[in-house]
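> For reference, the structure I am asking about is given below.
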Amino acid sequence: MQPFIKQQDKQKHFAICLFITLVLLPYLGLILSTLITFIIGLSKEIWDKYYGSGFCWYDMLANFMGWLLAVCIYGLLTM
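Take a look at the structure:
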């Protein structure tokens, strides 16, 4: 098994949540952009549970890591 961050699926989760959060933050603020990003990530995992490869908490962790980096980047850019 590859290390967590080298798995292509985890990289996609990370990048997509990073992108979604960076796009939404300036317009919707922290709370709403976080909620939307979380709902999108969770919805994908629920879909995977029933129709894909199964629910994966590591995918959710990658989502969180992408969100966290986006918030940090946005915070640094708006100081």
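Numbering-wise, the sequence shown is residues 290 to 368 according to the working numbering. Cβ atoms here follow ideal geometry from the backbone N, Cα and C, with glycine treated the same way.
Pairs of beta-carbons, one from the region 298-311 and one from the region 319-334, closer than 8 angstroms: are there three or more?
Yes: the two stretches touch, three or more of their Cβ pairs being nearer than 8 angstroms.
> Please state whether DSSP places residue 344 in a helix, a strand or coil.
It is coil, neither helix nor strand.
> Going by Cα to Cα distance, which pick from 300, 302, 318 is closest to residue 360?
Comparing Cα-Cα distances from residue 360 to each of 300, 302, 318, the minimum goes to 318.
> Assign residue 343 to one of two classes, buried (16 or more other C-beta atoms within 10 Å of its C-beta) or exposed (fewer than that).
Flag for residue 343 reads exposed.
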